[in-house]
Amino acid sequence: MTMSMNLHPQYITNDNGEKTSVIISIEEYENMLEDFEDLVTVAQRKDEESISSEDFYKELKEDGLI
Numbered sequence: 006m007t008m009s010m011n012l013h014p015q016y017i018t019n020d021n022g023e024k025t026s027v028i029i030s031i032e033e034y035e036n037m038l039e040d041f042e043d044l045v046t047v048a049q050r051k052d053e054e055s056i057s058s059e060d061f062y063k064e065l066k067e068d069g070l071i
C-alpha cells in the first residue's frame with residue numbers, strides 16, 4: 006500500500022470558474038484504486054485472529070505449499 010499520492014489533477018470549471026470535475030491520469034487513477042482496495046481489505050480483516058509466523062509456516066508445509 007503506497008498511500009503517498011503524487012496527483013496532478015486537472016479541473017473542469019463551469020462558466021463561473023467553479024470546479025465541477027477533475028481529471029487525473031489513468032496511472033494515478035489505478036494507483037488510487039489499488040490503495041482504496043488495500044484499505045478495504047485492511048478494514049475487513051481488522052478483527053481477524055492472528056497466528057504466529059511459526060504456525061503459519063507449519064500450515065504452509067502441511068498443505069504442501071513450501
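Its first residue numbered 6, the sequence shown is counted upward by one per residue in this note's numbering. Using N, Cα and C, we set each Cβ at its ideal position, and we do this for glycine too.
By the Cβ rule, the segment 9-17 counts as touching the segment 27-43, because three or more pairs are nearer than 8 Å. Non-local C-beta neighbours of Gln-15 in its own chain, meaning closer than 8 Å and more than five positions away in sequence, comprise Val-27, Ile-28, Ile-29, ordered along the chain. Contact check for Leu-65 and Ile-56: beta-carbon distance about 11 Å, past the 8 Å limit, so the pair fails to qualify. Shown here, Ile-56 sits in coil according to DSSP, grouped into three states, outside any helix or strand. In the DSSP annotation of this structure, the continuous segment of the alpha helix (DSSP H) that includes Ile-31 starts and ends at 31-50.
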